[in-house]
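Following: one structure in structure tokens, then a few remarks.
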Amino acid sequence: MNDELKELVLNDSVPASLVGDFCRKVKALADKAEKLSSAMNKAQSFSESLGLTGRMFLIQEERAKAEEAFIKEARKYVKKGGADDEEK
17 MNDELKELVL
27 NDSVPASLVG
37 DFCRKVKALA
47 DKAEKLSSAM
57 NKAQSFSESL
67 GLTGRMFLIQ
77 EERAKAEEAF
87 IKEARKYVKK
97 GGADDEEK
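The opening position of the sequence shown corresponds to residue 17 in the numbering used here, with each subsequent residue numbered one higher.
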């Protein structure tokens, strides 16, 4: 996790619901990656390993997109000074 992402996750202006959603997405992707890594270790053939490597790359891309989306949304809240009371 890069420094800006850490700062935004910990920033009081960013709604807890947004942080929670982001954390759940990252956790789900990490769980997928862990299962895939285990399958890669058990892969019998090169083609099977290659296919699993491709899927791992897609998971990494999904995580990068989730981080970008979170940063973009969180910056909006930081810029306007926080969420409205009903959003917190």
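Positions of the beta carbon are idealized from the N, C-alpha and C atoms, including for glycine.
Using a C-beta cut-off of 8 Å, the stretch 19-30 makes no contact with the stretch 43-53, since fewer than three inter-stretch Cβ pairs fall below that distance. Remark: C-beta atoms of residue 34 and residue 89 approach each other more closely than 8 Å.
Here the C-alpha atom of residue 55 lies approximately 45 Å from the C-alpha atom of residue 97.
Within the stretch 41-92, there are no complete beta strand (DSSP E) runs of at least 3 residues.
Pairing residue 79 with residue 42 gives a Cβ-Cβ distance under 8 Å.
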